[in-house]
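K.L.:
Attaching a single structure in structure tokens format; questions to follow.
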Amino acid sequence: MKLLRYGEKGQEKPGLLDAQGQIRDLSGHIDDIAGQAITAEGLATLRNIDPSSLPVVSGSPRLGPCVGRVGKFICIGLNYADHAAESGLDVPKEPVVFNKWTSAICGPNDDVEIPRGSTKTDWEVELGVVIGKAGRYIDEANAMDYVAGYCVINDVSEREWQIERGGTWDKGKGFDTFGPLGPWLVTKDEIADPHALDLWLEVDGKRYQNGNTRTMVFKVPELIAYLSRCMSLQPGDVISTGTPPGVGLGIKPEPVYLKPGQEMRLGIAGLGEQKQRTVQAD
Numbered sequence: 001m002k003l004l005r006y007g008e009k010g011q012e013k014p015g016l017l018d019a020q021g022q023i024r025d026l027s028g029h030i031d032d033i034a035g036q037a038i039t040a041e042g043l044a045t046l047r048n049i050d051p052s053s054l055p056v057v058s059g060s061p062r063l064g065p066c067v068g069r070v071g072k073f074i075c076i077g078l079n080y081a082d083h084a085a086e087s088g089l090d091v092p093k094e095p096v097v098f099n100k101w102t103s104a105i106c107g108p109n110d111d112v113e114i115p116r117g118s119t120k121t122d123w124e125v126e127l128g129v130v131i132g133k134a135g136r137y138i139d140e141a142n143a144m145d146y147v148a149g150y151c152v153i154n155d156v157s158e159r160e161w162q163i164e165r166g167g168t169w170d171k172g173k174g175f176d177t178f179g180p181l182g183p184w185l186v187t188k189d190e191i192a193d194p195h196a197l198d199l200w201l202e203v204d205g206k207r208y209q210n211g212n213t214r215t216m217v218f219k220v221p222e223l224i225a226y227l228s229r230c231m232s233l234q235p236g237d238v239i240s241t242g243t244p245p246g247v248g249l250g251i252k253p254e255p256v257y258l259k260p261g262q263e264m265r266l267g268i269a270g271l272g273e274q275k276q277r278t279v280q281a282d
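Going by the UniProt record's numbering, the sequence shown opens with residue 1, and the numbers climb by one from there.
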């Protein structure tokens, strides 16, 4: 299934994408794509619904973040060896873990705000893993039992605040609108191998990132097991698993960063595409 949330910000309704590419309204069955609805039991209930029995949503409504009520937005840094190299950093021996604030979350096609005074806002296409089962101290061997599905994430990053201003990476990663999620939450049964997905990103039609999840340093089961030793995981938690090379920071001879008035397009095979316009934050 391809689950989604549509409507105005803060008033999104749950829906699914049918085989014809139409949005169908799920609000008669669940209140949100969140919590119990994305557990194994909740997803099984949704699979038993005939999509043709659901109301068709007319027009082209705004798509909200594909997961609601996200508890934790956990990110993994330097998880592609070639991206670590372009960043001038060693391949990590253990996963590099940081956070995005949940206030950074926005819809897949919402505007991305360039923070006040920023000259180093950057892009990062990433595979998102959505947790569907609570757990801690999870064994790697059954870690995939805890996955509800996958989505596209743009891990927008302000490099000055991330790297040059001391402390942790978190503050450069968590500005408002720095976490577009979606367009869909694609349930894991639709993705045969999350480690064999092409992912790409363009700015104003120029392709900067062109990678495949097979080159991840730490695979999804290893990440889930590792994180579950540091924290409990709950349905609706989102893990952003790292980016392939081609970020603005790594461009030679001079880095290239985002400016207001540009367009980012990005996508992952089987998980859909995002498109964002960059605007100056008020």
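Beta carbons: idealized from backbone N, C-alpha and C, even for Gly. These figures come from a predicted structure and were not determined experimentally.
Quick one: grab the DSSP three-state call for Y146.
P.N.:
It is helical.
K.L.:
According to DSSP, simplified to helix, strand and coil, what is S53?
P.N.:
Looking at S53 - three-state DSSP - the assignment turns out to be helix.
K.L.:
Could you pull out every residue in the same chain whose Cβ sits closer than 7 Å to the Cβ of E126, ignoring the five residues on either side in sequence?
P.N.:
Contacts found: I153, D155, S240, T241, G242 and T243.
K.L.:
Taking the alpha carbon of A281 as the point to measure from, which residue in I33, T177 and I268 has its own alpha carbon closest?
P.N.:
Measuring from the Cα of A281, the nearest candidate turns out to be T177.
K.L.:
Distance, Cα to Cα, P253 vs Y208?
P.N.:
Taking the straight line joining both Cα atoms gives about 15 Å.
K.L.:
Evaluate S118 with the Cβ neighbour count: other Cβ atoms within 10 Å of its Cβ, from every protein chain shown; 16 or more gives buried, anything less gives exposed.
P.N.:
Looking at its Cβ environment, which holds 16 or more other Cβ atoms inside 10 Å, S118 is buried.
K.L.:
Among Q274, L266, V247 and M1, whose alpha-carbon lies nearest the alpha-carbon of Q20?
P.N.:
Checked all of Q274, L266, V247 and M1; the closest Cα to Q20 is M1.
K.L.:
Please confirm whether L249 and T278 have their CB atoms less than 8 Å apart.
P.N.:
Contact flag unset, no.
K.L.:
Ends of the alpha helix (DSSP H) at E222?
P.N.:
It spans V220 to C230 - the alpha helix (DSSP H) in which E222 sits, taken as one unbroken run.
K.L.:
If we count the other Cβ atoms within 10 Å of its Cβ and call it buried at 16 or more, is E124 buried or exposed?
P.N.:
Counting Cβ neighbours within 10 Å, E124 comes out buried, since at least 16 surround it.
K.L.:
Take E86 and list the residues in its own chain whose beta-carbon comes closer than 6 Å to its own, dropping the five residues that flank it on each side.
P.N.:
So the qualifying residues of the chain are P245 and G250.
K.L.:
Give the range of the alpha helix (DSSP H) segment to which D32 is assigned.
P.N.:
First-last for D32: undefined, no H or E at that position.
K.L.:
Kindly indicate the opening and closing residues of the beta strand (DSSP E) around K171.
P.N.:
Not the beta strand (DSSP E): K171 falls in the alpha helix (DSSP H), residues D170 to K173.
K.L.:
Can you name the start and end residues of the beta strand (DSSP E) that L4 belongs to?
P.N.:
Per DSSP, L4 belongs to the beta strand (DSSP E) from K2 to Y6.
K.L.:
Could you tell me the alpha carbon to alpha carbon distance between A37 and G88, rounded to whole angstroms?
P.N.:
Between A37 and G88, the C-alpha separation is close to 42 Å.
K.L.:
Is the segment 47-67 in contact with the segment 177-191, if contact means three or more CB pairs nearer than 8 Å?
P.N.:
Enough Cβ pairs lie closer than 8 Å, so yes.
K.L.:
Compute the beta-carbon to beta-carbon distance between K188 and Y146, rounded to the nearest angstrom, for a pair I have assumed lies under 8 Å.
P.N.:
The Cβ separation is near 10 Å, so there is no contact.
K.L.:
Rounded to whole angstroms, what is the Cα-Cα separation between D31 and G236?
P.N.:
Between D31 and G236, the C-alpha separation is close to 14 Å.
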